[in-house]
Amino acid sequence: MRPLARALLLAIAVAAGARPSAAQWAGPCDKGGRPATRAAVATAAVAGNAALLLYFKQAWWSGERADHFFVKSDWDQWFRDQDKFGHAWGGYQLTEAGVELLDMACVSRKKAVLLSAAYAAAFQLQIEVWDGFYKTYGFSYPDILMNTAGASLAVLHEHAPGTRAVLPTFWYTPTAAWHRRAEHGGNPRATTDYSGQSYWLSVDVDTLLPDGASRYWPGFVRLSLGHSITDWVDPNTGAAIRARRRLLVSLDIDPRKLPGNHPAWRFAKRQLAYLHFPSPALQLTPKLEGIAWYP
């Protein structure tokens, strides 16, 4: 069992009043199925959902309610679909995390993938349903499509491991508008600081090259294609402005290829692989330019 995940689940089990034995916690899957781990995973799922609803009730669903539930198409808003990439990222990460946790709880891999994708879909769907009752938001079917796209990519990675050569990666650096938010009487969240977010598809190039060519490509370097946007909040006035899309190409480090084989370090490398660390980049739009260090 992965050390960090085991520590998290053990804390949940103890907080719930359980004192799991070694057999209940880490016994063979064909001899009892780790009931303590299963209980901790179920508790984590319920607790995570409760925490999400509490956060959104305070941070999002405090505005004026709509007269009735309504649906909207919100493609290409002022922040140029940057939120949609976040929805896809969320669907992917929820599914991946669910598979890993259920795998530790001795759920078969096939069932774990299906259950995790279903949980991710339900987890994100409830947000959209609640949004549909508030004037500011509305039920966004584009969000649902992107949620599904993210979860589907995680399912594809499980059924076709070779596709893991392409990983969705992410980086965030707070913008000037976010740093100056108090000057304009606002308190925007990092989740809506879209101009500081970048979403990437990062390719493990050497695994896709023919044997004769792969030796010429440094294995720890991956090729990444990214999407970000220019400012959508004016840092001087706090007013919303229509952003422009930033399409980027970058070479960055693949943490999975870093040396070291300690179990905790291997786990850390797998998680770090989903981050796109700052690196040189070529910006394709809104104008072609080289960037020595992005972001």
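Here the sequence shown stands for residues 3 to 297, numbered as in this note's numbering.
Every residue, glycine too, gets a C-beta built ideally from N, C-alpha and C.
The structure presented is a predicted model; accordingly, all values stated were derived computationally and were not measured.
- By the CB criterion at 8 Å, TYR201 and GLY240 fall outside the cutoff.
- The straight-line gap separating the alpha-carbon atoms of PRO288 and GLY198 is approximately 16 Å.
- Beta-carbon to beta-carbon, SER118 and THR171 are separated by about 20 Å, too far to satisfy the 8 Å threshold.
- Within the DSSP bridge table, the entry for ALA242 names VAL235 as partners.
- By the neighbour-count definition (other C-beta atoms within 10 Å, threshold 16), PRO212 is an exposed residue.
- Counting only residues of its own chain and dropping the five nearest sequence neighbours on each side, GLY188 has a CB closer than 8 Å to the CB of GLY240.
- A contact between stretches requires three or more CB pairs, one per stretch, nearer than 8 Å, and the stretch 269 to 278 fails this requirement with the stretch 135 to 149.
- According to the DSSP assignment, ALA179 belongs to no beta strand (DSSP E) but to the alpha helix (DSSP H) extending over 178 to 181.
- The three-state secondary structure of LYS289, taken from DSSP, is coil.
- Taking a contact to require three or more Cβ pairs closer than 8 Å, the stretch 153 to 169 and the stretch 94 to 113 qualify as touching.
- Collapsing the DSSP output to three states places GLY228 in a strand.
- Here the alpha carbon of ALA107 sits roughly 25 Å from the alpha carbon of GLY164.
- Taking the Cβ atoms as the reference, PRO144 lies roughly 27 Å from SER252, outside the contact range of under 8 Å.
- Look at the beta carbons and you see the stretch 230 to 245 not touching the stretch 254 to 267: under three pairs across the two are nearer than 8 Å.
- DSSP assignment within the stretch 82 to 144 yields the following whole alpha helix (DSSP H) runs of 4 residues or more, N-terminal first: 84 to 106, 111 to 133.
- The DSSP-derived three-state label of TRP267 is helix.
- Note that the stretch 129 to 141 touches the stretch 56 to 71; at least 3 beta-carbon pairs, one per stretch, sit closer than 8 Å.
- TYR196 sits in a helix when the DSSP states are folded into three classes.
- When beta bridges are read from the DSSP output, ILE255 appears opposite VAL223.
- Secondary-structure assignment with DSSP links LYS74 through a beta bridge to SER142.
- If you draw a straight line from the Cα of SER142 to the Cα of GLY214, it comes to about 48 Å.
- The straight-line gap separating the alpha-carbon atoms of TRP295 and GLN285 is approximately 11 Å.
- Ranked by how close their Cα comes to the Cα of VAL73, the residues THR175, VAL48, ARG82, GLY134 have GLY134 in first place.
- ASP78 is classed as exposed because its beta carbon has fewer than 16 other beta carbons within 10 Å across all chains shown.
- Per DSSP, reduced to three states, the secondary structure at ARG40 is helical.
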